[in-house]
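So the sequence shown is numbered by my numbering: it starts at 577 and just counts up by one.
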Amino acid sequence: MIRSRLLDAGLAAFAKRGYHGTGIKEIVDTAQIPKGSFYNYFKSKEEFGLAIVLRHSEEFWQKWHDSIDAPLSDPLAALRSCFNIMLTEHLCCAVNTCSVVVHLAGEICESSELCRSTMSAVVQEWSENLAVVIRQAQQAGTVRQDIDALQLATLFWDAWLGAMQRMKMYDSVSPLNQLVELMFGTLLKA
577 MIRSRLLDAG LAAFAKRGYH GTGIKEIVDT AQIPKGSFYN YFKSKEEFGL
627 AIVLRHSEEF WQKWHDSIDA PLSDPLAALR SCFNIMLTEH LCCAVNTCSV
677 VVHLAGEICE SSELCRSTMS AVVQEWSENL AVVIRQAQQA GTVRQDIDAL
727 QLATLFWDAW LGAMQRMKMY DSVSPLNQLV ELMFGTLLKA
């Protein structure tokens with residue numbers, strides 16, 4: 577419970593001021609716990625930031641599997657439905673956790689080999705999971721087959737991360753909408 581309060585407080589603080597602009601004191605004050613308690617759960621601010629990213633990734637994949645595993649006969653339709661749900665969440669979030677986590681990962685990765693290697697593994701997992709569904713859609717004939725599924729998945733996530741940066745710049749979800757429309761309307765089409 578205390579760990580979760582710390583992670584929630586950290587996510588909100590990082591959303592406002594970024595990783596480097598937020599101190600541990602601010603996080604523990606917001607979570608209403610003594611500063612020393614922070615170190616019972618996290619060895620460092622770096623480990624704390626990484627824990628926020630990893631928690632988000634776990635929550636993301638739970639939502640992903642809930643959406644993808646829905647009984648739709650067309651894998652491409654299931655994939656589109658999944659991304660539409662993600663877009664809806666971006667519109668509804670007071671603290672846009674996806675955007676914050678993307679920027680947090682970027683800040684931490686600049687100075688930490690542990691974070692860089694962990695985030696690299698997370699993004700690789702994203703690509704591999706997406707490639708499974710793209711491959712299913714290729715076999716069903718609804719996604720182009722002239723490009724390898726993993727290459728398409730990697731392209732999609734690279735574009736998604738870039739759209740997340742633009743989303744923060746424009747304070748609008750429209751870059752993500754544009755990406756989803758381009759990917760599903762043009763680039764993935766068989």
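Note that CB positions come from ideal geometry on N, CA and C, so glycine has one too.
- Assigned with DSSP and collapsed to three states, residue 604 falls in helix.
- When secondary structure is reduced to three states using DSSP, residue 592 falls in the helix class.
- Taking the C-beta atoms as reference points, residue 613 is found no nearer than 8 Å to residue 661.
- For a cut-off of 8 Å, the C-beta gap from residue 699 to residue 764 is around 19 Å, too long to register as a contact.
- With a cutoff of 8 Å on beta-carbon distance, residue 694 and residue 626 are scored as near each other.
- According to DSSP, residue pairing for residue 639 in a beta bridge does not occur.
- Under the DSSP assignment, residue 698 falls in the alpha helix (DSSP H) whose first and last residues are 689-716.
- As DSSP reads the structure, residue 621 sits in no beta bridge.
- The alpha carbon of residue 649 has as its nearest neighbour, out of 749, 717 and 734, the alpha carbon of 717.
- DSSP places residue 719 within a strand segment (E or B) once states are collapsed to three.
- For residue 765, no alpha helix (DSSP H) run applies, since DSSP gives it neither H nor E.
- Between residue 751 and residue 743 a beta carbon distance of about 5 Å is seen, short of the 8 Å cut, so the two are scored as contacting.
- Check the Cα spacing between residue 708 and each of 721, 726, 691 and 722: the tightest is with 726.
- The Cβ neighbour count for residue 632, taken over all protein chains shown within 10 Å, is at least 16; the residue is labelled buried.
- Using a 10 angstroms sphere on the CB of residue 766, the tally of other CB atoms stays under 16, which defines it as exposed.
- Around the Cβ of residue 714, a 10 Å sphere holds 16 or more other Cβ atoms; the residue is buried.
- Per DSSP, reduced to three states, the secondary structure at residue 649 is coil, with no helix or strand assignment.
- Taking the Cα positions, residue 689 is about 10 Å away from residue 696.
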